[in-house]
Amino acid sequence: MHDVEARVLNAIDPVETVNLLAETVRVPSVTGTDAESDLQHRCARLLTEAGMNVDVWKLDLPALTARPGFPGTEAPRTEGYGVAAVTPGGEGPPALALQGHVDVVPTGDLAKWAGSDPFAARIEGGVLHGRGACDMKAGLVANLAVARAFAQAGVRLTRPLAVHCVISEEDGGLGAFATLARGHTAEAAVITEPTSGAVITANAGALTFRLEIAGRAAHGATRTEGVNAIEVFWPVFEAIRRLEAERNRNVPEVFGGNAMPYPIEVGTVRAGDWASTVPDLLVAEGRLGVRLDEDPAAARAAFEEAVAAAGHPWLRANPPVVTWPGGQFASGRLPAGHELLEQVGRAVADTTGRRPVESAAPYGSDLRLYTAGGIPTLHYGPGDVRFAHAPREQVDLRELHEVTRALALLAVRRCAAL
1 MHDVEARVLN
11 AIDPVETVNL
21 LAETVRVPSV
31 TGTDAESDLQ
41 HRCARLLTEA
51 GMNVDVWKLD
61 LPALTARPGF
71 PGTEAPRTEG
81 YGVAAVTPGG
91 EGPPALALQG
101 HVDVVPTGDL
111 AKWAGSDPFA
121 ARIEGGVLHG
131 RGACDMKAGL
141 VANLAVARAF
151 AQAGVRLTRP
161 LAVHCVISEE
171 DGGLGAFATL
181 ARGHTAEAAV
191 ITEPTSGAVI
201 TANAGALTFR
211 LEIAGRAAHG
221 ATRTEGVNAI
231 EVFWPVFEAI
241 RRLEAERNRN
251 VPEVFGGNAM
261 PYPIEVGTVR
271 AGDWASTVPD
281 LLVAEGRLGV
291 RLDEDPAAAR
301 AAFEEAVAAA
311 GHPWLRANPP
321 VVTWPGGQFA
331 SGRLPAGHEL
341 LEQVGRAVAD
351 TTGRRPVESA
361 APYGSDLRLY
371 TAGGIPTLHY
381 GPGDVRFAHA
391 PREQVDLREL
401 HEVTRALALL
411 AVRRCAAL
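Count the sequence shown with the numbering used here and you get residues 1 to 418, in order.
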């Protein structure tokens with residue numbers, strides 16, 4: 001390992017990195033809340049302290065919503081901020097961007113959290129627990145720690161390094177969309193989503209759908225005079241399950257044995273407004289998995305066709321209404337044969353002694369926006385996605401340290417540090 005590489009790696013302070021992760025987890029930056037904006041400003045301050053040139057801007061929400069390619073949102077929002085930092089000096093566009101999102105999903109039932117405080121950042125047995133620890137504040141902090149290590153090591157970069165901190169990833173990718181629309185770019189990017197030691201080079205997509213199933217109201221005592229919207233929804237649900245099975249045949253090998261990389265799930269169901277009335281409306285919302293390289297319009301059409309064909313006489317005369325609100329994640333992938341995969345693999349191997357496997361993820365992410373914007377992108381970050389969005393959310397601190405070191409070495413090499 002070259003001297004400059006060793007200097008940067010030695011400048012990473014493991015204790016300081018863990019403390020920073022605990023601080024960020026304690027910020028309840030749920031998508032669309034004021035705390036999300038607060039954490040963006042904290043990230044901007046840390047990057048400024050690391051000697052980077054930092055662009056902080058308030059998002060023009062109406063303009064972004066009207067812009068072609070707008071990715072959709074789900075959470076109510078009155079403001080949002082972008083943060084993009086670039087090291088000073090160097091030639092050309094950034095050779096590498098490290099990207100992470102600051103927002104987290106809601107906590108769910110607080111009683112299911114150990115200690116009942118999802119934002120306590122409890123550390124036990126080398127594991128930090130809390131909402132956002134895995135998805136993805138550990139990855140966010142790894143990016144910040146790399147920037148800090150470069151500053152403390154006093155190295156000079158021949159080619160710039162960028163760090164992008166974005167909002168609203170959880171509900172569509174507004175923050176990444178706004179960052180790219182502002183003109184921030186790079187020759188390649190690593191998004192530090194949790195990957196369990198693997199390198200994720202492709203994402204399936206995910207489209208939010210809404211179903212409205214009509215019934216006919218009647219008094220519960222004379223229910224045969226009505227049509228229960230819950231009852232007629234069931235054939236629709238069965239049709240969705242059949243479509244899911246059909247779309248998950250012949251899965252690409254890159255998904256590494258995942259038998260269902262394109263799941264379709266109904267996440268919320270609401271029906272009825274009185275206990276003794278036959279419900280005349282059911283509203284269900286969920287997510288439709290988009291296959292690799294599939295046009296989202298084709299995925300929508302397949303779903304709508306399956307719903308329309310659900311077998312119930314009432315539905316033929318009263319067809320379900322399908323709309324597409326909220327996040328609309330297309331699929332995305334790193335271009336085949338791109339050098340970034342080998343470079344990340346070599347940096348991981350040189351810092352951990354293990355060569356990472358290449359895989360694909362069944363969920364949507366900002367990767368598809370960066371690749372669509374001409375930036376070859378992959379995922380490599382600390383954490384196990386199976387803990388994400390759950391009351392057991394956690395991250396192994398050894399993974400945090402390993403990823404931070406690998407990213408630092410990658411940045412040294414791509415940015416030609418001196």
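We treat Cβ as the ideally placed atom computed from N, Cα and C, and that holds for glycine.
All values derive from a computational prediction rather than experimental measurement.
- Taking the C-beta atoms as reference points, Glu393 is found nearer than 9 Å to Cys134.
- Nearest to Arg182 by C-alpha distance, out of Asp60, Ala306, Ala336, is Asp60.
- Only buried fits His101, as 16 or more other CB atoms lie within 10 angstroms of its CB.
- For Ser359, there is no enclosing alpha helix (DSSP H); the enclosing beta strand (DSSP E) has its first and last residue at 358–361.
- Taken through DSSP and simplified to helix, strand or coil, Arg287 comes out as strand.
- The residue from Ile12, Arg159, Ala120 with its alpha-carbon nearest to that of Ala417 is Arg159.
- Under a 10 Å Cβ-count criterion, Leu110 is classified as exposed, with fewer than 16 other Cβ atoms of the shown protein chains found around its own Cβ.
- Residue state for Ile12 is assigned as coil, using DSSP reduced to three classes.
- Exclusion of the five residues before and after Trp113 leaves Pro391 as the residues of its chain whose Cβ lies within less than 6 Å of its Cβ.
- Taking 9 Å as the cut-off, the Cβ atoms of Ala271 and Val283 count as close.
- Within the DSSP secondary-structure output, Glu212 pairs in a beta bridge with Val283, Val321.
- For the beta strand (DSSP E) assignment, the uninterrupted runs of no fewer than 3 residues enclosed by the segment 216–289 are, from N- to C-terminal side, 264–271.
- Residues of the same chain with a CB within less than 6 Å of the CB of Ala189, apart from the 5 flanking positions on each side, are Ala97, Gln99, Tyr370, Ile375, Thr377 in chain order.
- For Pro320 against Leu211, the beta-carbon gap comes to about 6 Å, under 8 Å, which counts as contact.
- In the DSSP assignment, the residues bridged to His164 are Ala84, Gln99.
- For the segment 16–65, the full-length beta strand (DSSP E) segments reaching 3 residues or more read 53–58 along the chain.
- Following the DSSP letters along the chain, one finds Glu304 inside the alpha helix (DSSP H) bounded by residues 296–308.
- When secondary structure is reduced to three states using DSSP, Thr192 falls in the coil class, being assigned neither helix nor strand.
- If you draw a straight line from the Cα of Gly51 to the Cα of Ala11, it comes to about 15 Å.
- Bounds of any alpha helix (DSSP H) do not take in Asp117, whose DSSP letter is neither H nor E.
- Of the candidates Gly175, Gly256, Gly205, the residue whose Cα lies closest to the Cα of Lys58 is Gly175.
- Under DSSP, Asp396 forms a beta bridge with Val127.
- Of the candidates Thr277, Glu187, Val56, Glu187 places its Cα closest to the Cα of Gly92.
- When Cβ pairs closer than 8 Å are counted between the two stretches, the segment 326–338 is seen to touch the segment 283–296, the count reaching three or more.
- Rounded to whole angstroms, Gly115 and Asp38 show a C-alpha spacing of 25 Å.
- Residue Ala84 holds the alpha-carbon nearest to the alpha-carbon of Leu161 among Glu170, Ala121, Ala239, Ala84.
- At the C-beta level, Gly373 and Val290 stay beyond 9 Å of one another.
- Taking the CA atoms as reference points, Ile123 sits about 50 Å from Ala308.
- Contact between the segment 224–237 and the segment 246–254 is absent, with fewer than three C-beta pairs closer than 8 Å.
- One Cα belongs to Ala361, the other to Ala198, and the distance between them is close to 10 Å.
- DSSP places Ala198 in no alpha helix (DSSP H); its state is neither H nor E.
- Assigned with DSSP and collapsed to three states, Leu418 falls in coil, not helix or strand.
- Nearest neighbour of Asn143 by Cα position, chosen from Leu292, Tyr380, Ala66, turns out to be Tyr380.
- Rounded to the nearest whole angstrom, the CA to CA distance from Gly226 to Leu128 is 53 Å.
- Take the alpha-carbon of Thr224 and the one of Ala388: they are about 44 Å apart.
- Closest in C-alpha terms to Asp295, from the list Arg368, Asn228, Ala310, comes Arg368.
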